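Numbering (this note's numbering), first residue to last: 1406 to 1707.
Below you can see the structure in the form of structure tokens.
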């Protein structure tokens, strides 16, 4: 089987792409990686025929596919990380429009969670849906830095939204003197990895309150870097094997400053959370655990 793996933001989705490449090479298949970049208008590159196209596409590739169509050869399978909602009040609403334009051309969707699977089933019932969470290769799960080697206390990496700005205000108004950095854009790849690894706590805050979900990419990559996560409340944590207080701390944005202050003062608890979360990654979200199911998904489409 020959497979083309497409992505649009290599510094963001590159590891997810390489999960597929490594799995396919390990099982004796031919695979090629195509980085589309962030151009939303250019025609697709002519890379020849493939049996399957695995699309790990974000906000740049989706409109490009909608404008120019999908690759001419092979079956098309989309691994969907972005949340899908038709709620006009949500900042995520445009992603559903991009997906809807593409869905009739797809042969299957790999949904990262049940909310995406429900959306596809409701709006495109004829489209095959598989469940595949975000995965982290064991080689990217690094030993946590020692406390003395960490140069940042608290970080939040993500898009600039009113809800996150409100969360930032809660930290600025906190009675406890907390060093917190809300980094809105411009940090990718190795710089982002180093920032996470060198921080004591990384925040995961919903972009808005209209459509909330577990941000697997943010949490899993932070765990892999060896840093504790303080997350906004989300449903379905038990589906991932997550136990609040063990794998991460969970709090509403207005309560995050006090939760973070307690965690900063308790090095042993943070170390225990990192150890538990990295063990969870190895046991449940490693490509080695999912390899057979990943291959079966492609074979069922081919």
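Glycine included, every Cβ here is placed at the ideal spot set by N, Cα and C.
Treat the numbers as computed from the prediction; the structure is a model and nothing was measured.
(Q) Counting C-beta neighbours from all protein chains within 10 Å, is the total for residue 1510 16 or more, i.e. buried, or is it exposed? (A) Translated into positions along the chain shown, residue 1510 becomes position 105. Exposed is the call here.
Q) Nearest to residue 1457 by CA position, among 1503, 1541, 1568, 1409, is which residue? A) Reading the chain shown from its first residue, position 52 is the one you call residue 1457. The residue with the shortest Cα to Cα distance from residue 1457 is 1409.
Q) By the 10 Å Cβ neighbour count, where 16 or more other Cβ atoms means buried, how is residue 1472 classified, buried or exposed? A) Residue numbering aside, residue 1472 sits at position 67 when the chain shown is read from its first letter. By the 10 Å Cβ count, residue 1472 comes out exposed.
Q) With a Cβ-Cβ cutoff of 9 Å, do residue 1633 and residue 1678 count as a contact? A) Here residue 1633 refers to the residue found at position 228 when the chain shown is read from its first residue. Here residue 1678 refers to the residue found at position 273 when the chain shown is read from its first residue. Taking 9 Å as the cut-off, the Cβ atoms of residue 1633 and residue 1678 count as close.
Q.
Using a 10 Å radius around the Cβ and a threshold of 16 neighbouring Cβ atoms, would you call residue 1527 buried or exposed?
A. Looking up residue 1527 in the chain shown gives position 122. Label assigned to residue 1527: exposed.
Q: Could you pull out every unbroken alpha helix (DSSP H) segment of at least 4 residues lying fully inside the stretch 1613-1696, listed in chain order?
A: Within the stretch 1613-1696, the complete alpha helix (DSSP H) runs of at least 4 residues are 1621-1630, 1661-1670, 1672-1689.
Q) Who are the near neighbours of residue 1592 in its chain, counting only those whose CB is closer than 8 Å to its CB and skipping five residues on each side? A) Translated into positions along the chain shown, residue 1592 becomes position 187. Answer for residue 1592: 1562, 1600, listed in chain order.
(Q) Cutting at 6 Å between CB atoms, please list the residues of its own chain near residue 1462, excluding the five before and the five after it. (A) Locating residue 1462 in the chain shown gives position 57, counting from the first residue. For residue 1462, where only same-chain residues beyond five positions count, the Cβ hits under 6 Å are 1413.
(Q) Is the beta carbon of residue 1524 closer than 9 Å to that of residue 1566? (A) To locate residue 1566, count along the chain shown from 1; it is residue 161. To locate residue 1524, count along the chain shown from 1; it is residue 119. No, Cβ-Cβ distance for residue 1566 and residue 1524 is not below 9 Å.
Q) From residue 1637 to residue 1504, what does the alpha carbon distance come to, in whole angstroms? A) Stepping through the chain shown from its first residue, residue 1637 is reached at position 232. Stepping through the chain shown from its first residue, residue 1504 is reached at position 99. In this model, residue 1637 and residue 1504 are separated by some 26 Å (Cα to Cα).
Q) When the Cβ atoms of the stretch 1528-1538 are set against those of the stretch 1689-1702, are three or more pairs found closer than 8 Å? A) With a cut-off of 8 Å, the stretch 1689-1702 and the stretch 1528-1538 count as touching, because enough Cβ pairs lie within range.
Q. Are the Cβ atoms of residue 1606 and residue 1572 separated by less than 9 Å?
A. To locate residue 1606, count along the chain shown from 1; it is residue 201. To locate residue 1572, count along the chain shown from 1; it is residue 167. No. Outside cutoff.
Q) What are the boundary residues of the alpha helix (DSSP H) that residue 1555 is part of? A) Mapped onto the chain shown, residue 1555 falls at position 150. For residue 1555, there is no enclosing alpha helix (DSSP H), as DSSP marks it with neither H nor E.
Q: Go through its chain and collect everything with a Cβ distance to residue 1443's Cβ below 8 Å, but skip five positions before and after it.
A: One-based indexing of the chain shown puts residue 1443 at position 38. So the list reads 1413, 1414, 1465, once near-sequence residues are dropped.
Q. Under the three-state reduction of DSSP, which class applies to residue 1522: helix, strand or coil?
A. Taking the first residue of the chain shown as position 1, residue 1522 is located at position 117. Residue state, collapsed to three classes: helix.
Q: Would you list the one or two residues that DSSP bridges to residue 1609?
A: Translated into positions along the chain shown, residue 1609 becomes position 204. Beta-bridge pairing links residue 1609 to 1636.
**Q.** Close Cβ partners of residue 1468 (< 7 Å) along its chain, the five nearest in sequence each way excluded
**A.** Residue mapping note: residue 1468 aligns to position 63 of the chain shown, counting from 1. Counting only Cβ-Cβ distances below 7 Å, and skipping sequence neighbours, we find 1445, 1503.
Q) Where does residue 1473 sit, in a helix, a strand or coil, going by DSSP? A) One-based indexing of the chain shown puts residue 1473 at position 68. Taken through DSSP and simplified to helix, strand or coil, residue 1473 comes out as helix.
Q. Going by DSSP, what residues sit across from residue 1411 in a beta bridge?
A. Along the chain shown, read from residue 1 onward, the residue named residue 1411 stands at position 6. Note: residue 1411 is bridge-paired with 1439, 1460 in the DSSP secondary-structure output.
**Q.** One or two residues paired with residue 1512 in a DSSP bridge
**A.** Locating residue 1512 in the chain shown gives position 107, counting from the first residue. Per DSSP, none; premise fails for residue 1512.
Q: State the CB to CB distance for the pair residue 1427 and residue 1692, rounded to an integer number of angstroms; the pair is presumed to be in contact (CB under 8 Å).
A: Reading the chain shown from its first residue, position 22 is the one you call residue 1427. Reading the chain shown from its first residue, position 287 is the one you call residue 1692. Confirmed, Cβ separation roughly 7 Å.
**Q.** Under the three-state DSSP convention, the category residue 1434 falls into
**A.** Here the question's residue 1434 lines up with position 29 in the chain shown. Note: residue 1434 maps to coil in three-state DSSP.
**Q.** Buried versus exposed, by CB contacts within 10 Å (16 or more), residue 1499
**A.** Position 94 of the chain shown, counted from the start, is the residue given in the question as residue 1499. When all chains shown are included, residue 1499 counts as exposed.
(Q) I'd like the list of long-range same chain contacts for residue 1545, defined as Cβ closer than 7 Å, with 5 residues on each side in sequence excluded. (A) Counting from 1 along the chain shown, the entry for residue 1545 is found at position 140. These residues qualify, in order along the chain: 1420, 1629.
Q: Report the residue from 1707, 1703, 1631 whose alpha carbon sits nearest the alpha carbon of residue 1681.
A: On the chain shown, residue 1681 is found 276 positions in, with the first residue counted as 1. With distances taken between Cα atoms, residue 1681 lies closest to 1631.
Q: Please go through the same chain and pick out, in chain order, the residues whose beta-carbon is closer than 7 Å to the beta-carbon of residue 1686, but skip the five residues on each side of it.
A: Translated into positions along the chain shown, residue 1686 becomes position 281. The residues are 1541, 1546, 1625, 1628, 1629.
Q. Per DSSP, which one or two residues make a beta bridge with residue 1709?
A. In this structure the chain extends from 1406 to 1707, so residue 1709 is not present and cannot be described.
Q: Measure the Cβ-Cβ separation of residue 1459 and residue 1703 and say whether it is below 9 Å.
A: As a position in the chain shown, residue 1459 is number 54, starting the count at 1. As a position in the chain shown, residue 1703 is number 298, starting the count at 1. Judged by beta-carbon spacing, residue 1703 lies within the 9 Å limit of residue 1459, meaning their Cβ atoms are closer than that value.
Q) Could you give the distance in angstroms between the alpha-carbon of residue 1648 and the alpha-carbon of residue 1675? A) For the purposes of this step, residue 1648 is taken as residue 243 along the chain shown, with counting starting at 1. For the purposes of this step, residue 1675 is taken as residue 270 along the chain shown, with counting starting at 1. Rounded to whole angstroms, the gap between the alpha carbons of residue 1648 and residue 1675 is 14 Å.
Q) Going by the CB atoms, is the gap between residue 1470 and residue 1507 shorter than 9 Å? A) The count along the chain shown starts at 1 and reaches residue 1507 at position 102. The count along the chain shown starts at 1 and reaches residue 1470 at position 65. For residue 1507 and residue 1470, yes; Cβs fall inside 9 Å.
Q) What is the DSSP secondary structure of residue 1544, counted as helix, strand or coil? A) Position 139 of the chain shown, counted from the first residue, corresponds to residue 1544. Residue state, collapsed to three classes: helix.
Q: Please go through the same chain and pick out, in chain order, the residues whose beta-carbon is closer than 7 Å to the beta-carbon of residue 1672, but skip the five residues on each side of it.
A: As a position in the chain shown, residue 1672 is number 267, starting the count at 1. 1552.
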